[in-house]
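Just so we're aligned: 76 in this note's numbering is position 94 of the sequence shown, and the numbers increase by one with no gaps anywhere.
Positions of the beta carbon are idealized from the N, C-alpha and C atoms, including for glycine.
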Amino acid sequence: MHFGVDYYPEHWDEGRWDKDLELMKDLRFNTVRVAEFAWCRLEPKPDEYDFSWLDRFLKAAEAEGLKVMLGVPARNIPAWLSASDPKTAIQAYEGHRESFGTRYTTCLNNSYLRDRALRLAERMAQHYKTSKAIHSWHLDNELGDASPCYCPACRKQFIRWLKDKYKSCSALNEAWGLVFWSLEISDWDQIWLPTRTNHFAHNPSLLLDYRRFTSWVTEVFTEEQAGIIRENCPGAIITTNLQSTTRFHTDYYKLSESLDFVSTNYYPPESYNTIDLDRLRSLKKGPFWVVEQKSAAPDRKVREGSRLQTSYGFLVPQPGETRLNTYQSISRGADMVLYFRMRPCLFGQEQFHGGILNYDGGTGRIFDEIKKTGLEIEKIRPYIDGTKVESQVALLYSYDSRWAMESYPPGIEMDYRTVFLDYHREFERLHVATDIVSPESDLSDYSLVVAPLLYVMNPGIVENLVSYAEAGGVLLLTARSGLKDENGNIIPDILPPALSELCGISIVEGFPLRPEQKAGIIEEGGDEYEVSRWIELLNPKKGCTVRARYKDSWYAGQAAVTEMRSGEGLACFIGSVPESRFIRNELKRLLKFADINVPMNAPADVYISVRNGNGRNIVFCLNPNSTMRKISLPPGTVMKDLIQGVKIQGELELAPLDVALLIPE
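In structure tokens form, the structure reads like this:
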């Protein structure tokens, strides 16, 4: 278990380093991340590298027993590089070039930038290849988090990408349906980029492919940067921090293939949620790292009228909240937690982003709370090491579906992430661990698979889902499933024929509801629920069971929710966007059918997670509420709280913002 912090030695007088490192050791830290934004100090002028200051810091860290995660800058370029080639800047959707002076405004298709960034990676790898202070290498920061670029270099590379994919202009015309609005091309040089137009949209297939292309650019650069480090430092451990589901710029399934460990940031409650921890764990099916764990209030900018305001007060952690969030990361499978950051900066664009220390470098309540957490982690580390989170349930997350829905949504307020969160949240309230995996991945290890809004499907995905259910799996699909093919075009059957047969339904008609409009469904047993946003009228075939029907309007009595047995498996279909109460009850029913048990009888508003390994289960119980919660232990069970060292039987009383780690006694 690695425990530590992000630190920026280039921000502080060198005479302060030893004091800050001593404080890190006092917090029981063993790892520190540095240098991901330090290109201007590592290469102050072209080809004039200066690693001497970093050498001194690594030596000081090693003397304190701290291992270093070494950042390798790439997209936050020094001023000399921008001045040498202003075309390193992103050309925005509106047509202008982004200004130098902030972060993530550079184009990875610019050959000069790529060459300089990869050369820096090579020089750093050669210089530090024998360093015993380095634990791992961190590629850039938040790779892919930038506005898409539409510059001539991107257009040139996009044409190459399209040629490789489609081979001929006629094949591209067919795939994109460019006969619509007379857009067919006869030469590759006629390809255009989806920049700003009038109020009419670009071709949706073009938009989908451009999303894929921009993701591919980041994936390839990541692979190149990682390859240089591995070539020069055999055995190097390589990572980078992937972002929350509020971002959808890069296909992390593909990008993570170049990494040894995946990492993320965790700044709850804004932007980052537990879904992001579950998704990261699922990328490698094992432990992951949190390299930016919220310690204090982050700096958030919001626009109010014409003014940009700093708004962060509501994000200030209450006493106990930083500790609780740390255990949240560990409970979901993190084997490393590094706080952002050791000291708040006195200058630059994140002056109001808090840290562990105060502005004067002194300690306060955040320091004390993290020290308490560090002492606890020292105690529980022998139990945690070698364990991981295991799940029998998978949620299918599709970048193609997200990208297609963002550019051309199928209905009003049909937001992919919102609907996906609805299902993840209800599993969480039921205390059931969920992996979040690609619809193209092997599903055979899961007893239950749920695919919210799987809008875009290729034949391989359809075959994967059918094979899973026919082999005995329990599958749940929702409205708008498989509506579009891999090119982003609607299929004639609305639902792929193989899925239609599997689910025992055809879709008679589908239509949106107004934003404020609600409809109702009624189950066979008489329970009633609200649905919204979208209605699909299902036509059940022989052998299909109707579980709920619509109860309102001209479509009253039509099938809304169905299920179909497929050998030992089950295929269910929900034809609308139901309220959370229905989702929860439906998931409970399917969990029971799949013989999946919950680890603990606990209130829905506490967090329960389990890490398995070393012949034991560790049950994490977290209470994020402002009042005490009671958790019932299985009858006759005696548990030990690893933090408090006490035995618990019958019922656990968990104080507000408190944590318990239980193992069988």
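Pick from the options that is closest to residue i, judged by C-alpha positions
i	options	result
F564	N446, F409, V414, V592	F409
V601	D424, I366, F402	I366
E53	T196, E76, A218	The amino acid occupying residue 53 in the given sequence is Gly; Glu does not appear at that position. The shortest C-alpha separation from G53 is found at A218.
D67	G632, D97, C603	D97
E635	N12, P(-9), C603	C603
N123	T204, N155, F402, S253	T204
N255	D623, Y589, Y(-11), N596	Y589
K7	G597, E360, L644	E360
E452	T221, S548, L9, M106	S548
P392	L459, I472, A538	I472
L449	S423, S118, L436, D467	Here residue 449 is Ser; the residue named in the question, Leu, does not match the sequence. For the residues S423, S118, L436, D467, the minimum Cα distance to S449 belongs to S423.
E201	P478, L102, T232	T232
Y234	A61, W62, D127	D127
T13	A433, S164, A115	A115
D171	P134, H184, R566, S488	P134
D404	E388, S389, V432	V432
A22	P55, D0, E506, Y309	Residue identity differs from the one stated: residue 22 is Cys in this sequence, not Ala. Selected option, being the one with the closest Cα: P55.
E156	L188, Y132, I141	L188
Span of the alpha helix (DSSP H), counted from its first residue to its last, around residue i
i	result
F162	Here F162 belongs to no alpha helix (DSSP H), and DSSP marks it neither H nor E.
H78	Run containing H78: none; DSSP gives neither H nor E here.
A480	479 to 485
P26	Premise fails: P26 is in no alpha helix (DSSP H) and is neither H nor E.
P364	347 to 366
K570	562 to 575
H109	93 to 110
Q139	134 to 148
N446	441 to 452
T256	256 to 266
M51	Taken as a continuous stretch (DSSP letters only), M51 belongs to no alpha helix (DSSP H), being part of the beta strand (DSSP E) at 49 to 54.
M6	-1 to 8
Y398	398 to 411
K236	234 to 237
Q275	Segment 270 to 276 is the beta strand (DSSP E) holding Q275; no alpha helix (DSSP H) there.
R305	303 to 313
S64	61 to 66
Where residue i falls, given that 16 or more other Cβ within 10 Å makes a residue buried
i	result
N91	buried
A376	buried
F11	buried
V559	buried
L357	exposed
Y341	exposed
A541	buried
D317	buried
S152	exposed
R(-2)	exposed
G557	buried
F162	exposed
V580	exposed
N596	exposed
Delimiting residues of the beta strand (DSSP E) encompassing residue i
i	result
H120	116 to 121
R229	Premise fails: R229 is in no beta strand (DSSP E) and is neither H nor E.
L189	Taken as a continuous stretch (DSSP letters only), L189 belongs to no beta strand (DSSP E), being part of the alpha helix (DSSP H) at 186 to 214.
P646	641 to 646
F(-15)	-16 to -12
CB contact flag (residue i, residue j, <7 Å)
i	j	result
A386	G442	no
L265	S238	yes
E274	N594	no
I670	Y537	The requested residue 670 does not occur in the structure, where the chain is confined to residues -17 to 647.
S197	N223	no
S383	L436	yes
I257	H406	yes
L624	I312	no
G455	G525	no
T221	S253	no
Y309	K276	no
H120	E18	yes
Interface flag, residue i vs chain B, CB-CB below 7 Å
i	result
P421	Absent from the structure is chain B; it holds one protein chain and no more.
Check: residue i C-beta below 6 Å from any heavy atom of the ligand SAH
i	result
T88	Looking at this structure, you won't find the ligand SAH or any other ligand, since it has none at all.
- Query: With contact counted as at least three CB pairs below 8 Å, one residue from each stretch, are the stretch 569 to 576 and the stretch 420 to 436 in contact?
  - Reply: The answer is yes - the stretch 420 to 436 touches the stretch 569 to 576, with three or more Cβ pairs under 8 Å.
(Q) Would you call the stretch 264 to 283 in contact with the stretch 324 to 340, where contact means no fewer than 3 C-beta pairs closer than 8 Å? (A) These segments touch.
Exercise for review: Taking 8 Å as the threshold, find out whether the stretch 342 to 356 comes into contact with the stretch 33 to 50 through three or more Cβ pairs.
Suggested key: No: the two stretches stay apart, fewer than three of their Cβ pairs being nearer than 8 Å.
Q: Taking 8 Å as the threshold, find out whether the stretch 475 to 495 comes into contact with the stretch 607 to 617 through three or more Cβ pairs.
A: As far as the Cβ criterion goes, the stretch 475 to 495 does not touch the stretch 607 to 617, which means the pair count is below three.
| Hey, is the stretch 66 to 80 in contact with the stretch 174 to 183, meaning 3+ C-beta pairs nearer than 8 Å? | Contact holds: three or more Cβ-Cβ distances are below 8 Å.
With three or more C-beta pairs closer than 8 Å as the rule, is the stretch 511 to 520 touching the stretch 393 to 401?
The stretch 393 to 401, when compared against the stretch 511 to 520, does touch it at the 8 Å Cβ threshold.
| Any 3 or more C-beta pairs closer than 8 Å across the stretch 25 to 33 and the stretch -16 to -5 | Below 8 Å, too few C-beta pairs join the stretch 25 to 33 and the stretch -16 to -5 to call them touching: fewer than three.
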